Structure formats: C-alpha cells, structure tokens
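Colleague: Under my numbering, the first residue of the sequence shown is numbered 2, with each subsequent residue one higher.
Even for Gly, the Cβ is constructed at its ideal location relative to N, Cα and C.
Just so it is clear, the structure is predicted and the values come from calculations on it, not from any experiment.
Have a look at this one before I ask anything.
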Amino acid sequence: MLTFPPHILVTGGAGFIGSHSVELLLENNVNVRVLDNLSSGHLSNLPSHPQLEVVVGDIRNSDDVHTAMQGMTHCLHLAAQVSVANSVEDPIGSATHNILGALNVMHAAATAKVSKLVYASSAAVYGIPAQLPLLEEADLQPLSPYGLEKWVDERYATLLGSLHGLPSLGLRYFNVYGPRQDPSSPYAGVIARFLDRLMNQQAPTVFGDGLQSRDFIYVGDIASANMAALFSPQCGICNVATGQQIDLLELIDLLGQLTNCHLAPQHLPAKAEDIRYSCGDNQRLSEWLTIEPKWSLKEGLSELINYVRKPYFAHDQQINRRA
Ligand code: NAD
Ligand code: UD1
C-alpha cells in the first residue's frame with residue numbers, strides 16, 4: 002500500500018548534506034524524521050517545521066535505528082565518519098560508523114520493508130583511476146579505510162537486495178561543497194578549509210604539491226540527486242559528479258579572485274591515502290535520475306562566499322535553489 006505523503010528517515014540529517022536534503026524534501030511536502038547523534042551536525046542547521054521530527058540517536062545502536070525506522074516508507078542514509086584522513090588514524094572507530102552503523106540502517110530498512118533506501122557512497126571507492134572520467138564500472142582500488150568502508154556498504158546493500166528484496170541506490174558523491182560545511186575541524190572539506198583561512202588572512206595549507214585534482218559539486222545539486230533517487234525505480238550505483246576537475250593550486254587562484262584575498266599556499270607533506278586525480282562521469286546520473294548539475298564551480302563558490310560573509314544571524318534565511 003502506498004503511503005502519502007512519504008515518510009522518510011534521514012540519518013545524518015543535521016549535517017551538511019543532510020540539512021540541505023531535508024530542506025528540499027520538506028519543500029516537496031514529505032514527512033521527514035532525522036536521526037543524528039550531533040557529532041558533527043547541528044540542530045541549528047535544521048528548520049522548525051511541522052513535518053520534521055528530529056531524533057537524537059546513534060546509527061551504531063541498533064535499537065535507536067530500528068525505533069527510528071518504524072513507520073518510514075523511505076530512508077536516506079547519510080550519517081558517517083566522513084574524513085578520509087581520520088579513517089587512516091582510527092580505522093576501527095571509522096568502521097564502526099561506516100560499516101556496522103551502515104549495516105544497522107540497511108538491516109532496519111530491509112526489516113521495515115521500505116520502498117527505497119538511498120545511501121551515501123563516495124568517489125573514494127575508486128582510488129587510483131585507470132582512466133578519467135571515472136565510470137561506475139571502473140575497477141575499485143580504494144586508498145583509504147574510508148574508501149573501502151564505502152565499498153563494503155555497496156556490497157552489503159546489493160546483498161540485502163538479493164536476500165530481502167531491499168531496493169537501494171548508492172550514490173557515489175564526488176567532492177561536495179557549499180553553505181554549512183563546517184570548516185572548524187582539521188578534517189573538514191578542502192574548500193571550507195581554504196576559504197576559512199583566506200577570510201582570516203591565513204595562507205591555505207596544501208598537502209603535497211597541490212596538483213591533485215577533484216570534481217567539486219555544489220551541495221544543492223546533491224540534495225536534488227538525493228530526492229530524485231528516493232523516488233526513482235532505479236537501483237544499483239550511480240556517480241553524482243560534474244564531470245569537471247580542478248587542481249588545488251587552480252582552486253586557490255579562483256578563491257583568491259572571488260574573495261580578493263591572494264595568499265600563497267603553505268605546502269605540507271603529501272598524504273599516502275590521498276587520491277591524485279578525481280573526476281566522475283555523470284552520464285548515468287543524467288539517464289537514471291534526469292539530473293544535470295546546475296551550479297558551475299564559480300557560481301557555487303560565489304554563493305558560498307556570500308553565505309560566509311553574511312552575519313551569523315542571517316544564516317537561517319533561505320539559501321538559493323535552482324529548479
Ligand atoms: P557531515 O559530517 O556534515 O554529516 C554527517 C552527519 O552524520 C552529521 O550530522 C553527524 O552528526 C552525523 N553522524 C555521524 N556519525 C553518526 C552516528 N554514528 N550516528 C548518527 N549520526 C551520526 O558530513 P557530510 O559531508 O554531510 O556527509 C554526509 C554523507 O555523505 C556521509 O556519508 C559522507 O561519507 C558522504 N559523502 C560526503 C562527501 C563530501 O564531499 N562532503 C563526498 C562523498 C560522500
Ligand atoms: C572528500 C570528503 C569525503 C568524500 C570524498 C569524495 C570531506 C572531509 N571528505 O574527501 O567524505 O567521500 O571527498 O571524493 O568532506 N587538502 C589540503 N589542505 C587542506 C585540506 C585538504 O591540501 O587544508 C587536500 C587533501 O589532502 C586532498 C584534497 O585537498 O588532496 C581534498 O581533501 P578533502 O576535502 O578532505 O577531500 P577528500 O579527501 O577528497
């Protein structure tokens with residue numbers, strides 16, 4: 002029986018990608034329940050809304066997950082330990098979130114017989130690219146525990162599909178940036194880190210020569226892909242990427258032009274777990290989900306810079322969207 006409106010559990014919904022996804026779902030008249038332990042997410046990222054319920058709990062605790070899954074028709078699983086570097090320093094801690102926690106969510110989703118599970122995988126599963134842009138069928142050679150954990154999640158989702166008929170779509174996000182990405186941790190995403198340092202007149206720190214490239218995608222495009230994936234019949238694995246790459250030195254130049262803060266980077270030793278080149282093929286994204294990224298890097302960075310420059314109390318105002 003079809004329940005309307007849909008009831009969607011969003012794990013990690015108080016985080017960066019989660020909060021943008023929740024906002025978009027609410028705008029589309031969906032009932033949302035967030036499950037988040039607030040380790041890197043914040044309640045202040047979420048609006049107060051009659052169709053939103055927030056449960057503070059942990060995906061590593063199966064009771065929390067099974068309770069939160071009750072009555073849900075769909076699940077968007079985003080909660081994770083998100084840092085590649087942290088997964089090298091603490092692989093066991095990272096795996097408890099990213100493998101055991103993810104398995105709790107997948108098992109609960111299968112038990113509750115949700116109509117769709119969408120979960121966050123990552124470009125980190127690819128590791129060393131044989132060719133660019135990266136196709137979903139490429140060989141996977143992850144360079145970090147984090148990348149391996151996300152690959153294991155994909156395998157579990159596929160297996161639970163065969164064993165229990167759980168329909169799932171794993172989205173391999175490339176490097177996501179935008180408002181609400183927290184720059185404060187040393188493990189934060191590179192755009193948030195560079196911008197924070199430039200705005201404080203500090204030189205950006207670059208690990209290695211700065212010629213490593215990434216495919217940066219704006220968070221609004223990720224929220225659109227998540228929503229499309231939840232209501233699409235497609236199951237399997239799909240990149241969420243722009244198909245464009247930029248290296249870190251070029252990124253620093255671009256940020257310098259947009260902020261008018263020109264500071265030469267400070268170079269630190271390279272990291273062994275660091276992927277050298279990353280750029281995703283987005284043909285499947287377009288075919289399966291009819292999603293085309295709407296924000297160029299320059300537009301997305303300008304939007305982010307406007308947001309960062311606003312006084313803190315103005316941050317709960319609507320963030321621009323593109324239909
Ligand atoms: P984030 O840290 O902002 O969000 C993660 C959220 O999960 C936070 O709200 C945090 O409090 C919550 N959380 C962490 N551990 C939890 C636990 N054990 N139980 C319950 N809640 C928990 O990070 P994000 O960038 O929004 O990442 C969201 C997802 O997207 C993650 O799965 C991440 O691996 C994946 N991803 C992110 C990127 C990126 O560039 N940001 C790229 C690829 C994949
Ligand atoms: C990021 C995400 C990860 C996601 C993956 C998908 C974060 C924290 N990590 O990992 O969740 O699955 O993309 O591709 O959001 N760097 C510097 N200086 C800094 C910070 C970073 O030189 O101050 C370098 C890193 O060494 C790396 C590059 O910038 O070479 C990108 O780093 P980061 O933003 O952490 O992203 P990924 O490791 O690609």
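1) What runs of the beta strand (DSSP E), each 3 residues or longer, lie entirely inside the segment 174-258?
2) Please find out if some non-hydrogen atom of the ligand NAD comes closer than 6 Å to the beta-carbon of Leu79.
3) Between Gln82 and the ligand UD1, is the CB less than 6 Å from at least one heavy atom?
4) Look at the alpha carbon of Pro266 and the alpha carbon of Asp210, and state the distance between them as a whole number of angstroms.
5) Can you give the beta carbon distance from Met73 to Ala111, rounded, assuming they're within the 8 Å contact cut?
6) Have a look at Leu249 and Val11 and give me their C-alpha separation to the nearest angstrom.
7) Report the CB separation of Pro294 from Asp183 in whole angstroms; it is logged as a contact under 8 Å.
8) Are the beta-carbon atoms belonging to Thr119 and Leu161 less than 7 Å from one another?
9) Alpha carbon to alpha carbon, how far is Gly237 from Thr159?
10) CB-CB under 6 Å to Gln142, same chain, minus the five flanking residues each way: which ones, in chain order?
11) Tell me whether Asp216, by its Cβ, gets closer than 6 Å to a heavy atom of the ligand NAD.
12) Does the Cβ of Asp64 have 16 or more other Cβ atoms within 10 Å, making it buried, or fewer, making it exposed?
13) Is Thr260 near the ligand UD1, in the sense that its beta carbon is under 6 Å from a heavy atom of that ligand?
Modeller: To lay it out plainly:
1) 176-178, 206-208, 217-219 and 237-241
2) As a first step, residue 79 must be located in the sequence shown, where it is residue number 78. Checking every heavy atom of the ligand NAD against the Cβ of Leu79, one is found closer than 6 Å.
3) Stepping through the sequence shown from its first residue, residue 82 is reached at position 81. False, no ligand heavy atom lies under 6 Å from that Cβ.
4) Counted from its first residue, the sequence shown places residue 266 at position 265. Counted from its first residue, the sequence shown places residue 210 at position 209. Cα-Cα distance, rounded: 10 Å.
5) If you number the sequence shown from 1, residue 73 lands on position 72. If you number the sequence shown from 1, residue 111 lands on position 110. Contact flag wrong, Cβ pair sits at about 12 Å.
6) As a working mapping, residue 249 is identified with position 248 in the sequence shown. As a working mapping, residue 11 is identified with position 10 in the sequence shown. Spanning the two alpha carbons is a distance of roughly 32 Å.
7) Counting from 1 along the sequence shown, the entry for residue 294 is found at position 293. Counting from 1 along the sequence shown, the entry for residue 183 is found at position 182. With 8 Å as the limit, Pro294 and Asp183 do not qualify as a contact, their Cβ atoms being about 23 Å apart.
8) Working through the sequence shown from its first residue, we reach residue 119 at position 118. Working through the sequence shown from its first residue, we reach residue 161 at position 160. A small correction: the amino acid at residue 119 is Val; Thr does not occupy that position in the sequence shown. The answer is no: Cβ separation not under 7 Å.
9) The count along the sequence shown starts at 1 and reaches residue 237 at position 236. The count along the sequence shown starts at 1 and reaches residue 159 at position 158. About 7 Å.
10) Within the sequence shown, the letter at position 141 stands for residue 142. Closer than 6 Å at Cβ, skipping near neighbours: Gly128 and Ile129.
11) For this step, residue 216 is matched to residue 215 along the sequence shown. Not under cutoff, so the answer is no.
12) Position 63 of the sequence shown, counting from 1, holds the residue named residue 64. The residue is exposed, with fewer than 16 neighbouring Cβ atoms inside 10 Å.
13) Locating residue 260 in the sequence shown gives position 259, where the first residue counts as 1. It does not: the Cβ of Thr260 is nowhere closer than 6 Å to a heavy atom of the ligand UD1.
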